[in-house]
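**Student:** Sharing a structure with you now.
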Amino acid sequence: MEAASLKQSEDETVGTSAYKDAGASILCPHDLLWIEDAKALKTVTPLPPWASADRLLCTPVVVRREKVDDPRLVPVGLRGKTRSERFAAYLDRDAVARCFKPEILAGHAPAYIEEQRSRLPAFEALAVLAPLLDATGLVWGPTGGVGFQLASRLPVVREDSDLDILLRSRAPLSTTQMLGLRMICSSPICRIDIQVDTGNGAFSFAEWAYVNAQWASGNGRVLLKTDTGPILTTDPWRTSSWQDAESVKPS
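Numbered according to our numbering, the sequence shown spans residues 36 to 286.
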């Protein structure tokens, strides 16, 4: 089932049957999931006090980028009310009740976006930049705080929040797309953080734009986040180039 076919009306979500009919492959990093049973979460350490069972049933968890050997488990992140309230866990795949993908959120709740844009710059940026993002011809959607608030209606976005955008591109970006994205990133409304997902990993567009300027010297490499960890590579789309890529150890 294609993501576009899952697009719902403003007050609807992707329901249990739609998710389960689509199959396990529908789950990708940045997807927001609602769970049916808090006990379906598996953790290495006990859940923090802010992650109560009641909260877990009414707020989504986000799919993380991590390779998991057990196909029944999905790596997820829990989000609290503050930046410091983050927690990594694993979710039993059968406990997923609903799924919101970033590209669904791109066209979700226009009335709500209009309501929020007057007081929150990140929502103003989303409203203003959406036509420019559509013009790239790439599949895209909001992630981070804006995506979370659009999906849950929980007020997590602040006046100084960034607008996080996920772009899906299985092929190298064209010159026209690069120019369009540079223009988007230069928006004065708020900081725009664009991540490009190649299907094998994701990288920062801002970093990639800088790397392209370094290609003439042969030193251009970009940090690519993969399921097995971050690597530095000269070509995030060509997996054969990863043989010479440098793994990046967490600081």
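Just so you know, even glycine gets a beta-carbon here, dropped at the ideal spot from N, CA and C.
Quick one: is Y125 buried, meaning 16 or more other Cβ sit within 10 Å of its Cβ, or exposed?
**Tutor:** buried
**Student:** Touching or not, the segment 229-246 and the segment 187-204, by the rule of three or more beta carbon pairs under 8 Å?
**Tutor:** yes
**Student:** According to the Cβ coordinates, are R107 and R128 closer than 8 Å?
**Tutor:** yes
**Student:** Ordered along the chain, which non-local residues of its own chain (more than five positions away) have a Cβ less than 7 Å from that of D72?
**Tutor:** A130
**Student:** One question on the structure: do L294 and V109 come within less than 8 Å of each other, judged by their Cβ atoms?
**Tutor:** This structure cannot settle anything about residue 294, because the visible part of the chain is limited to 36 through 286.
**Student:** I need the DSSP call for P166, collapsed to helix, strand or coil.
**Tutor:** helix
**Student:** Is E194 close to chain C? Criterion is C-beta to C-beta, closer than 8 Å.
**Tutor:** The structure shown contains no chain C, having only a single protein chain.
**Student:** Use the C-beta contact count for E194: other C-beta atoms within 10 angstroms, 16 or more gives buried, fewer gives exposed.
**Tutor:** exposed
**Student:** For T261 and G236, which I take to be in contact (beta-carbon distance under 8 Å), what is that distance rounded to the nearest angstrom?
**Tutor:** 4 Å
**Student:** Could you work out which residue in L267, L214 and G179 is closest to A244 when comparing CA atoms only?
**Tutor:** Per the C-alpha coordinates, the member of L267, L214 and G179 positioned closest to A244 is L214.
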